[in-house]
Each structure stands twice: as C-alpha cells, then as structure tokens.
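Chains as they are written, first to last, in the numbering used here: chain H, 1 to 198; chain Y, 199 to 393.
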C-alpha cells in the first residue's frame, strides 16, 4: 500500500468516525428531549362549551372561626366529576391567594374526586394541602367543612364523605381532624350552618 | 380524667418557634389537675410525661377507667379563647347487644357529653371569657364510651405566645376548675363517685 492510498483511507475513516459521533450525539439529544415531560398546564380548563353557572362557595374565615357563603360564576361542565373538580378548584383558589381569609400554600389542591357508592364521595387531597394546613381542631375542621359543604351545595345527592391524602388513607389531616372514617355529609352541613350563624 | 393531647414523637401544632402543642397541653393538664384537686375533685391523667400514645391507647385507658368525664386538652394558634367540642361520629356504627362499635362508642354517652358541654359553656361565660361550643370529627373522642369533650385553648389576642404564658394558662384552668366544680354534684350523680 502506497502512502497516498494510506492517507486517503485514513481521511475516509476519520470522516466516517466524525459522522457516526454526530449521529450518536443527535440520537442522545432526541432521547433526552423525549424524557423531559411536556409542560402540563397547572389548571385544567373546563371545556369551552361548558355553561356559566352561579355556584356557592362556603369560605372559611380564620379571624372569626366561621364560614361565610359567597356566590361565584364559573364555567360549569355537564359532567358530574368535572363539576366537582371545578367547584373545588374555585374554592381553593380563594385560599391560595395572598390575603386569603383561610390561607393554604400555593400548590394545595385535590388530586382526585371519586363518586363511589350512590352518595359517597371520596376526596383525595394532595400532600401540599395537608402539609400546609394549620394544625388545630378548629383550623382543620374549617378546611374540611368548607370543602364538604361547598361540594354538597353544588353537587346534588351526596350523603357521605371520605378523605384521602395523596391517594392513601391517613389518620388525620394535620394531627386532629379524623380522616380514618367515613362521615355523613348532613353532619358537616349542620355544622357549616352553625358556623355561619355565629 | 384529663388527657393532654399529643406527646412523645407527636408534637402537635407548632404555636410559636419555641412552644409546641404537646407541652402546652401537658402544662395545662397539670395546672387543671391541681386546681380540681384543691376543690376536692379527683383526677386521673392519661399521661403525666412526654409519652407517645396512640388514640386507640388513650381510648382504651379511658374506657378501662370509665370516668365521669373525659377531657382531651388541646392548644391552637387560631384565636378565639376557649372551644369546647363534642364528638361528630362517623356514619354507620355496628353496635350489637353488649358489644359497642369502636368507631362510634361515644354514641352511648353523646347526649350526656352535650349536656356537660352546654353546662360548661354556660359556667365559663359567667366569667366573660370567650368560649364556643362546637362538634368535631376527632379521635379518640369517638372511641370513648363515657361522657367526653375536647377543649382547645387559643389566644384571645391573636398572639399565639399568649397560650404559652403561665398566667394565661392559670386563668383558664381556674375558670375551668370553677365551672367543673359547680357541675361536680351532677356528674357524681350520673356516674357514681368515679373520677
């Protein structure tokens, strides 16, 4: 093999090696791009065909330890599950803004709402809500009574409620309010009425 | 029977950077025991040290002792003075004959608990101290078959440090002890002479 041929072969091998390196680098870049999840909007919007509806929020007020009802117009889905999510999102929106009457940390939310037996609603709150909840008998009770009463005021035919945190059964919300049992919504409604009249 | 809530690994609420609910509850429980003893009322404590006890263990202790009144003591930063709670019972309940359902054991004494709550609130109101009567889904209240209430003490000023002050605790315990002492004859009548 003469030196000229050797030089040409070496150059060809170098070009092939560079091309392969570039190809592998591209493959790797694509794989990394696919691994990064596409940004999910924080708020799942209600379908545009949803009708506007006046709902009632039962809002907790820490300064007086009471609940007060207030009306709000929101886009209201025709699907029951979606309605419940819309209502809860509207309520938590009140609690997670600066100057809230019952502050909860940003990111507080409800992961899922399940309708199980006829009348039984299971509310699965996220760990941000549980971790940011002020610990105390009344403080915790204001949160859950507000949630339950707001749901039952806007979603018909609910009779019992059960709470989960991050999909799991826990003993309490933040050390006090019992999350281990199923409770009658009528009891929370009666309590909400009492809290709103004090 | 007085039960200082939380304890041990369960600190309860953080009221100020240096005071947690378990310690305040125990301090108030000890002061209240002292005040009641000086008025001739016997008291049993569920815990008299920094112990970890589950709600089931607390309920078992109370149900074994079968006291005239079980008081669960709590403290909170949410202002309002004093709050007296009776149990909000879970739905269902499966008591059969002599066997009482654990989760709704309080159902057999709930009417009595509510009467005591009303009497206690009325007596505290005479002192002009702010007090409210409420219900709560709180364990171990649900699991106790004797009359049972929970008392949550909180600041009147909006400053949580007030609850940690010995003067404030003493004032609350004196008011509570006076109220309970005025009810003692009725409690003894309904439950014998048990503490």
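From the three backbone atoms N, C-alpha and C, an ideal C-beta is built for every residue, glycine too.
For residue i, the three-state DSSP class (helix, strand or coil)
i: residue 18 (chain H); result: helix
i: residue 111 (chain H); result: strand
i: residue 178 (chain H); result: strand
i: residue 327 (chain Y); result: coil
i: residue 241 (chain Y); result: coil
i: residue 94 (chain H); result: helix
i: residue 398 (chain Y); result: In the structure as shown, chain Y begins at 199 and stops at 393. Residue 398 (chain Y) is therefore absent and cannot be evaluated.
i: residue 44 (chain H); result: Residue placement at residue 44 (chain H) is poorly supported in this model, since its pLDDT is 44, which falls under 50; the coordinates still yield a value, given next. In this structure, residue 44 (chain H) counts as coil in the three-state DSSP scheme.
i: residue 70 (chain H); result: strand
i: residue 89 (chain H); result: helix
i: residue 303 (chain Y); result: helix
i: residue 313 (chain Y); result: helix
i: residue 348 (chain Y); result: strand
i: residue 369 (chain Y); result: helix
i: residue 217 (chain Y); result: strand
i: residue 160 (chain H); result: strand
i: residue 36 (chain H); result: Legend: pLDDT at residue 36 (chain H) = 41, less than 50; position of this residue unreliable, value from coordinates given subsequently. Three-state result, residue 36 (chain H): coil.
i: residue 27 (chain H); result: helix
i: residue 333 (chain Y); result: strand
i: residue 75 (chain H); result: strand
i: residue 165 (chain H); result: strand
i: residue 172 (chain H); result: strand
i: residue 308 (chain Y); result: helix
i: residue 132 (chain H); result: helix
i: residue 374 (chain Y); result: helix
Boundaries (first-last residue) of the beta strand (DSSP E) holding residue i
i: residue 53 (chain H); result: 51-61
i: residue 344 (chain Y); result: Run containing residue 344 (chain Y): none; DSSP gives neither H nor E here.
i: residue 201 (chain Y); result: 200-202
i: residue 120 (chain H); result: 120-125
i: residue 355 (chain Y); result: Premise fails: residue 355 (chain Y) is in no beta strand (DSSP E) and is neither H nor E.
i: residue 280 (chain Y); result: 280-285
Pair within 8 Å by beta-carbon distance, residue i and residue j
i: residue 385 (chain Y); j: residue 308 (chain Y); result: no
i: residue 285 (chain Y); j: residue 336 (chain Y); result: yes
i: residue 304 (chain Y); j: residue 261 (chain Y); result: no
i: residue 334 (chain Y); j: residue 346 (chain Y); result: no
i: residue 201 (chain Y); j: residue 237 (chain Y); result: no
i: residue 176 (chain H); j: residue 128 (chain H); result: no
i: residue 394 (chain Y); j: residue 282 (chain Y); result: The question about residue 394 (chain Y) has no answer here: the residues shown for chain Y are numbered 199 through 393.
i: residue 138 (chain H); j: residue 271 (chain Y); result: no
i: residue 124 (chain H); j: residue 92 (chain H); result: no
i: residue 195 (chain H); j: residue 133 (chain H); result: no
i: residue 314 (chain Y); j: residue 199 (chain Y); result: no
i: residue 22 (chain H); j: residue 53 (chain H); result: no
i: residue 326 (chain Y); j: residue 278 (chain Y); result: no
i: residue 328 (chain Y); j: residue 280 (chain Y); result: yes
i: residue 213 (chain Y); j: residue 358 (chain Y); result: yes
i: residue 146 (chain H); j: residue 67 (chain H); result: yes
i: residue 94 (chain H); j: residue 113 (chain H); result: no
i: residue 244 (chain Y); j: residue 259 (chain Y); result: yes
i: residue 226 (chain Y); j: residue 342 (chain Y); result: no
i: residue 211 (chain Y); j: residue 263 (chain Y); result: no
i: residue 155 (chain H); j: residue 82 (chain H); result: no
Span of the alpha helix (DSSP H), counted from its first residue to its last, around residue i
i: residue 143 (chain H); result: 137-154
i: residue 271 (chain Y); result: Not the alpha helix (DSSP H): residue 271 (chain Y) falls in the beta strand (DSSP E), residues 268-273.
i: residue 193 (chain H); result: 185-197
i: residue 262 (chain Y); result: 253-263
i: residue 362 (chain Y); result: 359-362
Check whether the region 216-235 of chain Y and the region 363-382 of chain Y touch, using three or more Cβ-Cβ pairs below 8 Å as the test. Segment contact: the region 216-235 of chain Y against the region 363-382 of chain Y, three or more CB-CB distances shorter than 8 Å; contact assigned.
Taking only beta carbons into account, state which residues of the region 316-329 of chain Y come closer than 7 Å to chain H, listed in chain order. Residues: none.
Residues of the region 271-289 of chain Y with a CB closer than 9 Å to any CB of chain H: list them in chain order, please. Hits within the stretch, in order: 272, 273, 274, 275, 276, 277, 278, 281, 283, 286, 287, 288, 289.
Taking beta-carbon pairs under 8 Å, can you tell me which members of the region 69-93 of chain H lie near chain Y? Closer than 8 Å at the C-beta level to chain Y, one finds no residue of the region 69-93 of chain H.
Contact the region 155-164 of chain H vs the region 174-189 of chain H: 3+ CB pairs below 8 Å: Here the region 155-164 of chain H makes contact with the region 174-189 of chain H; the two share three or more CB pairs at distances below 8 Å.
Cβ pair count under 8 Å reaching 3, the region 204-217 of chain Y against the region 245-254 of chain Y: Pairwise C-beta distances place the region 204-217 of chain Y in contact with the region 245-254 of chain Y, as three or more of them are shorter than 8 Å.
Given a limit of 7 Å on CB to CB distance, which residues of the region 122-141 of chain H reach chain Y? Residues of the region 122-141 of chain H with a C-beta less than 7 Å from any C-beta of chain Y: 134, 135, 136, 137, 138, 139, 141, listed in chain order.
Note down, in chain order, all residues in the region 332-352 of chain Y with a beta-carbon under 8 Å from any beta-carbon belonging to chain H. Residues passing the 8 Å Cβ filter: 332, 333, 334, 335, 336, 337, 340, 348, 350, 352.
For the structure I just gave you, are there three or more beta carbon pairs, one from the region 20-30 of chain H and one from the region 102-110 of chain H, closer than 8 Å? Verdict: no, contact absent.
When the Cβ atoms of the region 144-152 of chain H are set against those of the region 55-70 of chain H, are three or more pairs found closer than 8 Å? Counting Cβ pairs under 8 Å, three or more are found: they touch.
Between the region 199-230 of chain Y and chain H, which residues of the former have CB atoms less than 8 Å from a CB of the latter, in chain order? From the region 199-230 of chain Y, only 204, 208, 210, 211, 212, 219 have a Cβ closer than 8 Å to chain H.
Near-chain H residues of the region 289-307 of chain Y - C-beta to any C-beta below 8 Å: So the list reads 289, 290, 301, given in the order they occur along the chain.
Any C-beta of chain Y within less than 9 Å: which residues of the region 171-183 of chain H qualify? Flagged, chain order: 171, 172, 174, 175, 176, 177, 178, 179, 180, 181, 182, 183.
Selection of the region 98-115 of chain H by Cβ proximity to chain Y, strictly under 9 Å: When C-beta distances to chain Y are compared with 9 Å, every residue of the region 98-115 of chain H stays at or above that value.
If the cut-off is 9 Å on Cβ atoms, which residues from the region 187-198 of chain H count as contacting chain Y, listed in chain order? The region 187-198 of chain H vs chain Y, Cβ under 9 Å: 187, 188, 190, 191, 194, 195, 198.
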